[in-house]
Amino acid sequence: MGDQGLPADWVRPCETEAAEDFPPRVPVTSTSLRSVGYNPETRELDLEFKEGRLYRYSEVPPEVHEGLLHAPSLGRYFLANIRGQYACERLC
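Residue 84 in full-length UniProt numbering sits at position 84 of the sequence shown, and the numbers go up by one each step.
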């Protein structure tokens, strides 16, 4: 376990935000994404991109989150199934 009882592979999103404001994120192997987090209760998907920007997508079904994690190309899956399909906000 890492800081504050979080898993060691958890990625802290924004230094100015409290850890409890974010679902745990896991690092991913991708040319465009660095980490992915999902809260099934709120259906919020957090995506951290390689350049460091973090976005939250709202009302994302669990199967879309699972599809992203199992896609051969996370970037292509994101472009085809998430970007433009769900409301999003930049967190940091």
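Backbone N, C-alpha and C fix where the C-beta goes; we use that ideal spot for every residue, glycine too. Quick caveat, the model's predicted, so the values are computed rather than measured.
CB of Val26 within 8 Å of CB of Ser35, strictly:
yes
Nearest neighbour of Glu66, chosen from Gly52, Arg56, Tyr77 [CA to CA]
Tyr77
Which one or two residues does DSSP pair with Cys88 in a beta bridge?
Tyr57
For a test of the three-state rule: what should DSSP assign to Val28, helix, strand or coil?
coil
Take Cys92 as the anchor and find which of Leu54, Val28, Pro23, Thr29 has the nearest alpha-carbon.
Leu54
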